[in-house]
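The block underneath contains the structure these notes are about, expressed in structure tokens.
2 protein chains.
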Amino acid sequence: MKYQEVALAIEQSIRKQNLAQGTRLPSLSQLSTTYDASKTTMVKALAILEGRGIIFQVQGSGIFVRLKARDNYIPLTTNTGFTTDLGTHLITAKLLEFKVQKPSEDLIRDFNCDPDEDFFFLKRKRYIDKKVLCIENSYFRQKVVPYLNEEIANESIFGYLDKVLNLKVGFSDKYLQANVLTEAEAKLLELPLNAPGFYIDELFYSTTGIPFDFSQNVYHYKNAHFFLQSINK
Amino acid sequence: MKYQEVALAIEQSIRKQNLAQGTRLPSLSQLSTTYDASKTTMVKALAILEGRGIIFQVQGSGIFVRLKARDNYIPLTTNTGFTTDLGTHLITAKLLEFKVQKPSEDLIRDFNCDPDEDFFFLKRKRYIDKKVLCIENSYFRQKVVPYLNEEIANESIFGYLDKVLNLKVGFSDKYLQANVLTEAEAKLLELPLNAPGFYIDELFYSTTGIPFDFSQNVYHYKNAHFFLQSINK
DNA sequence: AAGTGGTCTAGACCACATG
DNA sequence: ATGTGGTCTAGACCACTTT
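Protein chains in written order, with this note's numbering: chain A, 1 to 233; chain B, 1001 to 1233.
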């Protein structure tokens, strides 16, 4: 896809030059000739960068660099299970549990599935730079993901799904709330009793619209902060 | 904008017919003739609906209805201060404090502003269906918003900014975390001491890229749940 | 008035899913 | 093989900001 290549090239150019917030980029027509793309393709590439929070466009005025005001926050907009993101940070995981089981009522609701379907259940503890990040309970639908084992679970599951099963994430729903940790969660997160937790439930759909993974995450409230950039268009 | 009208028309058509998750819509070319728009315009309209989580598209297969799996969650993707959203719910607010003050160090960092600038500070308590929703501390930059009073603060500030000052939100940054409530917050939220809070810091930029409003929100962890839909494109 | 981004079109061609 | 969505183009025109 040409527009993605162009978007990437522009992004890298911004990063490499370390441009400041509000710096003005060359005009649309200039960029078109620079990257040898039609105006329409250019517009699409810029729309992508705008969606990612890297630039903003002002009609009649220009295209400007947009930076986030704070650092070290986990982006909420990526679907990959953030192995790809947070480049400078070391994310690791420890597998705590692995089994096959039937869905709970909540799971039946979220997947809109048969109560007799089988699910791979896995519980993991994740670390960021060796600090506890979160506890993750994931449920993979066996109907869609026919095989999983502990070894795969210890590496990148989404990488396996993509490469081996050719199963890609099309879109996802996230549900967020704060709550008091359960006793078990507090122990695993190495936090005192009654400490708060940041809960994210996440439902992943394939590109064809079938939900195949539900993930229940409790984040350490001190080690995990999140951010999100939006546009009004 | 034609593509926005088309997008709205399709959305309303889906809602009116109360179509189920996964229902297939007419093909791209059929929609083009139905709404009398070129294929390109149609594609853009559909991209918008996809971004809003209303449909999903599968190459080579079709366009399908996407519904969220759960209800009664506050969407994180709108910038309007949610007066517009949550149609069936009654959102009200009570003004607790109103004054002009200089920025704190955090504020100087987020606005990247002069320490001598003046800010309108206002503290509000918000309710959803008469239950406590959150405590909001907002700071409006006087340089951009030259006038505000208690009366305006009691109604829709963003409506005032738009209509009277012609100031629109271009984009925004949100920062999220869980934490233990302070004593004052707990009292205002009518929660016990040491209860958790869901914190959202929000920085609003004008369409020209100038940050003009910083808002620090603490949500009642039982009365406020959030959701977010993403696409992998 | 000039320059910039935003919208829309018709049409060609590509990539994928399904029967 | 057919139909579907996805990409790309050149070009016309519109809306806004700046000088």
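Heads up, the beta-carbon is just placed ideally off N, CA and C, and yes, glycines get one too.
Quick one, which of Lys174(A), Ala47(A), Phe198(A), Asp173(A) has its alpha-carbon nearest Thr182(A)'s? Ranking the options by Cα distance to Thr182(A), first place goes to Phe198(A).
Where Lys1099(B) and Tyr1221(B) are concerned, what is the direct C-alpha to C-alpha distance, given to the nearest angstrom? Their backbone Cα atoms lie some 28 Å apart in a straight line.
Give, in chain order, every residue of the segment 111 to 142 of chain A whose Cβ lies closer than 8 Å to some Cβ of chain B. Residues Asn112.
Would Leu148(A) and Phe212(A) be called neighbours here (beta carbons separated by less than 8 Å)? No.
Is there at least one Cβ from chain B nearer than 8 Å to Asp162(A)'s Cβ? When Cβ-Cβ separations below 8 Å define contact, Asp162(A) makes no contact with chain B.
Whole angstroms is fine: what's the gap from Gln1021(B)'s alpha carbon to Thr23(A)'s? Straight-line Cα distance between these residues: approximately 44 Å.
Backbone CA spacing between Lys1094(B) and Leu1008(B) [nearest angstrom]: Taking the straight line joining both Cα atoms gives about 33 Å.
I'd like to know whether the C-beta atoms of Asn232(A) and Gly1170(B) end up nearer to each other than 8 Å. With respect to Gly1170(B), Asn232(A) sits close: the two C-beta atoms are nearer than 8 Å.
Which residue wins for smallest C-alpha separation from Val145(A), given the options Lys163(A), Glu136(A), Val132(A), Gln177(A)? The option with the nearest alpha carbon to Val145(A) is Lys163(A).
Please report the Cβ distance between Leu1255(B) and Ala69(A), rounded to the nearest whole angstrom; I am assuming they are in contact, meaning their Cβ atoms lie under 8 Å. The requested residue 1255(B) is not part of the displayed model; chain B covers only 1001 to 1233.
Only counting the same chain, and skipping five residues up and downstream in sequence, which positions put a Cβ closer than 6 Å to that of Phe1121(B)? For Phe1121(B), same chain residues with a beta-carbon under 6 Å away, outside a window of 5 residues either side, are Lys1099, Gln1101, Tyr1139 in chain order.
Mind reading off the beta-carbon distance from Ile1063(B) to Ile1054(B)? Whole number of angstroms is fine, and I expect it under 8 Å. Ile1063(B) to Ile1054(B), Cβ: 11 Å. No contact.
Spell out the partners DSSP gives Pro1211(B) in its beta bridges. Paired residue(s): Tyr1205(B).
Would you tell me roughly how many angstroms separate the C-alpha atoms of Ala47(A) and Ile1157(B), rounded to the nearest one? Distance between the alpha carbons of Ala47(A) and Ile1157(B) is about 29 Å.
Classification of Ala1195(B) by the beta-carbon crowding that lies within 10 angstroms, buried from 16 upward: In this structure Ala1195(B) is buried. Its beta-carbon is surrounded by 16 or more other beta-carbon atoms within 10 angstroms.
I want to see whether chain A comes within less than 8 Å of Gln1216(B), judged by CB atoms only; does it? When Cβ-Cβ separations below 8 Å define contact, Gln1216(B) makes no contact with chain A.
Quick check on Asp173(A): buried or exposed, where buried means 16 or more other Cβ atoms within 10 Å of its Cβ? Classification for Asp173(A): buried.
CA-CA distance, Tyr35(A) and Glu1050(B)? If you draw a straight line from the Cα of Tyr35(A) to the Cα of Glu1050(B), it comes to about 28 Å.
How would you write the range of the beta strand (DSSP E) that Ala178(A) sits in, first residue to last? For Ala178(A), the enclosing beta strand (DSSP E) begins and ends at 169 to 180.
When Gln1216(B), Phe1226(B), Tyr1003(B), Val1043(B) are compared against Glu1106(B), the one with the closest alpha-carbon: Reading off the sequence, residue 1106(B) comes out as Asp, not Glu. Relative to Asp1106(B), the option among Gln1216(B), Phe1226(B), Tyr1003(B), Val1043(B) whose CA is nearest is Gln1216(B).
Alpha carbons only, please: which of Thr92(A), Asp114(A), Asp116(A) is nearest the one belonging to Ile135(A)? Considering only alpha carbons, the answer is Thr92(A).
List, in order along the chain, the chain B residues whose C-beta lies closer than 9 Å to that of Arg15(A)? What Arg15(A) touches in chain B: nothing, since even the nearest Cβ is about 18 Å away.
Using a Cβ cut-off of 9 Å, which residues of the segment 220 to 233 of chain A contact any Cβ in chain B, in chain order? When CB distances to chain B are screened at a threshold of 9 Å, the residues of the segment 220 to 233 of chain A falling below it are Tyr221, Lys222, Ala224, His225, Phe226, Phe227, Leu228, Gln229, Ser230, Ile231, Asn232, Lys233, in chain order.
Could you pull the start and end residues of the alpha helix (DSSP H) that Ser1138(B) belongs to? Ser1138(B) -> not in any alpha helix (DSSP H); beta strand (DSSP E) instead, spanning 1131 to 1141.
Quick one: what's Arg1126(B) bridged to in DSSP? Partner(s): Ala1093(B), Cys1134(B).
For Ile1108(B), collect the residues of the same chain with a Cβ closer than 7 Å to its Cβ; drop the 5 residues on either side in sequence, then sort them by chain order. The residues are Pro1115.
Show which residues of chain B have a CB atom less than 7 Å away from the CB atom of Pro196(A). Ordered by position in chain B, the residues that pass the 7 Å Cβ test against Pro196(A) are Ala1178, Asn1179, Val1180, Pro1196.
Using beta-carbon positions only, say whether Tyr3(A) and Lys39(A) come within less than 8 Å of one another. Result no, Cβ atoms of Tyr3(A) and Lys39(A) do not sit closer than 8 Å.
Look at Ile1200(B) and Leu1176(B) and say whether their C-beta atoms are less than 8 Å apart. Taking C-beta atoms as the reference points, Ile1200(B) and Leu1176(B) count as a pair closer than 8 Å.
Taking the beta carbon of Leu1193(B) as the centre, do at least 16 other beta carbons fall within 10 Å, making it buried, or is it exposed? Exposed is the call here.
What do you reckon, are the CB atoms on Val218(A) and Glu185(A) nearer than 8 Å? With respect to the 8 Å criterion, Val218(A) and Glu185(A) are classified as neighbours on the basis of their beta carbons.
Cβ of Tyr1073(B) within 8 Å of Cβ of Phe1214(B)? In terms of Cβ geometry, Tyr1073(B) and Phe1214(B) do not form a close pair [threshold 8 Å].
For Thr83(A), would you say it is in contact with chain B, using Cβ-to-Cβ distances shorter than 8 Å as the test? Only weak support exists for where Thr83(A) lies, its pLDDT of 45 falling under 50; the value from the coordinates is given anyway. Taking Cβ atoms only, chain B never reaches closer than 8 Å to Thr83(A), which makes this a no.
What are the residues that DSSP puts in a beta bridge with Lys941(B)? There is no way to answer for residue 941(B), as the model of chain B reaches only from 1001 to 1233.
Residues bridged to His220(A) (per DSSP): Beta-bridge pairing links His220(A) to Gly197(A).
8 Å is my cut-off, CB to CB: does Phe1056(B) come that close to chain A? The Cβ of Phe1056(B) sits closer than 8 Å to at least one Cβ of chain A.
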